Structures are given as C-alpha cells and as structure tokens.
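Taking this note's numbering, the leading residue of the sequence shown gets 345, the next gets one more, and so forth.
The next block holds one structure in the form of structure tokens; read it before the comments.
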Amino acid sequence: MPVRPSARTQALITALISFCAMLASYAIRYRLLRGIPAYGLLYYEAIALFSAALHYAAYRVCFSASSAEQPGLSAQISRAILCECLCFLITLALLYAAGLQYVSRIAVLIGFALNVAAICAMHGFFLSRSRRAGLRPRSVLLIGEGPAAARYAAAAAHPQAGHHLCGHVAAAPQPFDCPYLGDYGALEQALASASPDLAVIALPAAQYVHIDPVIALCEAAGLPLRIIPCYESRISAHLSASLFEGVRMVDIRTVPLDSPGNALVKRAMDVALASLLLLLLSPLMLGIAAGVKLSTHDTVLFRQVRVGKDKKPFTMLKFRSMRRNDGETSAWSTRADSRRTRFGALLRKLSLDELPQLFNVLRGDMSLVGPRPELPCFVEQFRDEIPLYMLRHRVKPGITGYAQVSGLRGDTSVRARLGRDIAYIEGWSIWLDLRILLATPRALVNDETLPPLHKAS
C-alpha cells in the first residue's frame with residue numbers, strides 16, 4: 345500500500361529538487377536567454393549545493409510534524425511557499441555577504457519559481473497518492489478490548505484511514521465492525537485463517553498477562569506489529585525511546601523544544617525579532633511611557649513575579665495600566681477592572697501594555713511565542729485541579745501564544761487555554777511560531793471595556 349513519505353524523505357526530495365532547479369535556472373538564464381555570466385558554472389554548482397543543504401534544513405524544521413498528522417494540500421503549499429521565501433532571502437543575503445554580488449539575481453529568481461512549482465506539485469502528488477491508498481487498505485487483526493481498542497476500531501472504520509479490520513481476538517466478543525475470531529488462546533489459529541497484513545495489540549491493563557505470548561506469536565508469524573498501550577490517552581503523539589545501561593525506556597511525552605537544535609533556532613529568532621521590534625517601536629514606547637507617567641503619577645513599568653520555564657519565577661514587565669493596589673501581585677485582572685486608569689484601559693484594549701516584555705525576551709525569561717506566564721498562587725492552585733497543567737512549564741512563556749490568537753485570552757476558561765498550550769508545546773515548529781506571530785496583530789484588540797469619560801453625578 346502506498347504511504348506518505350516521512351518528513352526526512354520529503355526534505356531530501358526537496359533538497360534534490362532545489363539542486364536541480366538552480367542548475368536549470370543557470371541553463372535558462374545563460375542558454376535560453378543568452379546572458380553573459382559573470383561567474384562560471386562551477387560557482388552556480390556550489391550555490392546549488394548550498395541551496396540544497398538550506399532547503400533540507402528548512403523543510404526538516406517546517407515539516408517536522410508527527411507522521412500521524414496530514415495537513416491538507418493548501419496548508420502544505422502555504423507552508424512550502426513560506427519555506428521557499430525564507431530560503432530565497434537567506435540565499436540573497438549570503439551572496440552579498442560572500443561578495444558574490446554579480447551572481448545573476450534573475451537566475452536565483454528563476455530557481456525560486458522552479459522550486460515553488462516543483463515542490464507544490466510534489467506535495468499534491470504525495471497527498472493524492474496517500475488518499476488513494478484508502479482504496480487499498482491494509483488488512484489488520486485487532487488483538488484486545490476496552491476503550492483503547494474501541495477508539496482504534498472506530499478510527500479504522502473511516503475509508504481514508506487505510507486500515508481494514510479483518511477480525512478481532514479478545515476474551516469475549518466485542519462490538520467492533522469485524523468478525524470475532526476467538527479468545528487469546530485461539531490467536532495462532534486466527535493468524536493463520538485471517539492472514540492479516542498487520543496486527544494491532546490493544547490490551548487493557550488487566551489483560552497484560554497475555555502481552556508476551558501475543559507478541560511472540562505475531563513475531564513467529566512474521567507479522568508487522570503495533571501496540572496501543574493501555575495508557576494511550578495519557579501519552580502524546582511524539583514518543584522517543586532511549587537506552588540506559590542496557591535498559592530500554594520510552595519517553596511518553598517528548599517536547600520538540602527539548603532538542604538543543606530546536607531551542608537554539610527558536611532563541612535566535614526571538615533575539616532577532618525582539619531586537620527589531622524594540623528598534624521600530626521605541627518612539628511608540630517612549631510616548632506610552634510619558635502617558636503612563638502623567639496618568640498614574642507612579643512608576644512607568646509594572647513588575648510582577650510570574651512562573652516561567654522549569655517552574656522558575658521571574659519578573660515580568662508591563663506598562664502600568666492600573667493604580668497601585670493591594671491585589672496587584674495576587675489577583676487576576678478582568679475586562680472591566682475598576683483599578684484601571686483611562687489611559688491604562690486604552691493600553692490594555694490594544695494590548696500595548698505588553699510591549700516591555702520584549703525586554704523579557706532579550707533577557708531569556710520569555711519567548712515571543714509560548715503559553716502566557718501565570719502568577720505563582722494560581723500555578724499552585726491549578727496544578728492540583730487541572731491534569732497536565734504543569735506541562736506548560738516545559739517551555740518558556742510567551743508574549744503571544746496559540747491560545748491568545750484563538751480568542752482565549754484574559755478572563756477565559758483555563759482548561760480551554762491549556763488545551764491550546766499543550767497542542768502548541770507538543771506540535772511546536774518554526775512554521776507554527778510564524779503562523780502565530782502573523783495572526784497576533786488580529787488578536788491585539790481585545791474585548792475589554794473602556795471606562796466612561798465622565799463619572800456619573
């Protein structure tokens with residue numbers, strides 16, 4: 345059955361396409377268009393090799409999602425175009441930095457156009473091939489019972505899933521849409537009669553006494569085998585295995601930003617963009633500082649202890665938008681908070697009070713994108729009330745985040761925000777960060793109410 349290639353395979357194909365596109369652009373520019381090259385073919389071959397390596401790195405980062413995730417064609421193409429734009433700009437910048445300013449920009453642009461066309465066609469081909477695979481599904485024998493087995497059986501019932509249940513083996517017949525082939529003692533006979541392409545084991549915890557003989561029989565039959573753990577609902581889609589002194593271990597919740605390479609890429613982007621934003625927004629921030637001083641007659645910056653990565657406290661900065669009060673270090677603000685000044689309410693309405701957190705980003709306390717940091721008192725409360733709440737502290741908190749651009753900010757459901765935060769943490773990629781940053785301007789204006797201009801008499 346045809347399957348969608350892995351992210352690494354697609355990145356390798358993309359690198360090869362890029363190499364060929366650059367050489368083709370040289371031929372188009374100097375053979376068809378009859379230009380006179382300032383550099384020989386050898387230079388363009390070197391540029392083609394660099395372009396291939398750059399494309400491989402970019403596509404490994406931007407298409408690093410789990411193999412279980414298959415975004416639609418439009419999402420894949422938009423992601424590919426973004427990668428191409430980044431590679432194009434980086435190539436031009438490095439050509440200038442290397443002193444190769446006479447490399448034909450027309451040739452580089454032609455290579456960019458060829459890349460976009462070929463890579464979009466590649467994604468369309470793989471996606472249509474993967475969807476056609478649903479017409480020729482793999483024959484699967486389901487071994488097990490209980491909630492995990494039921495969820496798998498329901499998922500396999502979809503025509504596009506690529507799995508067809510030829511039967512199930514369990515202690516007793518289950519309400520699955522496939523024949524019951526007997527209990528665990530009849531497994532060997534079931535394997536012989538059903539001749540499946542794949543076995544899926546989904547035993548409940550009480551039946552794990554059968555796990556070793558079941559695996560042994562499947563392996564003796566030379567059958568590919570997948571196991572759905574009884575704790576399947578507790579694990580993420582990203583797993584990693586390791587070997588410690590001969591002992592095999594599985595990390596049930598791998599966070600992409602635990603990788604030093606991913607963390608370095610994200611940190612570099614944070615420093616570059618935060619520095620650029622501070623430079624561009626410095627006149628606005630000076631004006632806001634003057635307005636805060638005049639409206640509050642107090643310190644311009646409001647400092648508050650929040651909980652950051654690895655549960656470490658840090659001091660978060662904001663423009664002061666409220667009068668000094670007893671609850672400013674331990675209470676949530678609301679959309680119509682009476683403590684706000686009129687100027688502060690405007691800042692909060694436009695989210696401009698968050699701008700000083702760019703300094704937190706440069707200091708390394710925060711990131712541009714991540715879960716919003718919380719007060720220590722609320723962290724202690726939610727860690728006991730909400731499962732997986734502390735997973736938020738596996739990454740740096742952010743100025744903006746997936747929850748915020750999804751409309752979940754301020755005084756909204758903590759559980760709903762946590763769902764978005766965990767989806768971000770487990771599915772992180774540079775592409776996701778860029779999507780959130782691009783969506784942030786639309787989420788800057790919130791639904792906080794502005795106070796009346798005049799008090800009622």
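Note that CB positions come from ideal geometry on N, CA and C, so glycine has one too.
None of the values given here were measured: they were computed from a predicted structure.
Three-state secondary structure (DSSP) at residue i?
i	result
residue 574	coil
residue 420	helix
residue 582	coil
residue 662	strand
residue 688	helix
residue 445	coil
residue 537	helix
residue 511	strand
residue 365	helix
residue 657	strand
residue 774	helix
residue 388	helix
residue 354	helix
residue 532	helix
residue 383	coil
residue 769	helix
residue 751	coil
residue 724	helix
residue 710	coil
residue 569	strand
residue 698	helix
residue 758	helix
residue 483	strand
residue 546	strand
residue 460	helix
residue 744	strand
Excluding five sequence neighbours on each side, which residues of the same chain lie with their C-beta closer than 8 angstroms to the C-beta of residue i?
i	result
residue 607	601
residue 720	649, 650, 651, 657
residue 363	392, 393, 395, 396
residue 705	614, 615, 618, 711, 712, 743
Relative to the C-alpha of residue i, which residue among the options is closest?
i	options	result
residue 395	387, 609, 435	435
residue 761	771, 749, 561	749
residue 693	642, 729, 754	754
residue 520	442, 573, 491	491
residue 459	485, 426, 447	426
Quick check on the burial criterion: 16 or more other C-beta atoms within 10 angstroms. Buried or exposed for residue i?
i	result
residue 354	buried
residue 575	exposed
residue 543	buried
residue 736	buried
residue 765	buried
residue 316	No answer is possible for residue 316: it lies beyond the span of the chain, which begins at 345 and ends at 801.
residue 556	exposed
residue 564	exposed
residue 488	buried
residue 728	exposed
residue 572	buried
residue 646	buried
residue 662	buried
residue 540	buried
residue 696	buried
Can you list, in chain order, the residues of its chain with a C-beta nearer than 7 angstroms to that of residue i? Leave out the 5 residues immediately preceding and following it.
i	result
residue 740	652, 653, 710, 711, 714
residue 708	none
residue 370	385, 388, 451
Leaving aside the five residues before and after residue i along the sequence, list all residues of the same chain whose C-beta is less than 6 angstroms from its C-beta, in chain order.
i	result
residue 567	543
residue 787	748, 749
residue 595	584
residue 633	644
residue 514	489
Taking 8 angstroms as the CB-CB limit, is residue i close to chain C?
i	result
residue 631	Absent from the structure is chain C; it holds one protein chain and no more.
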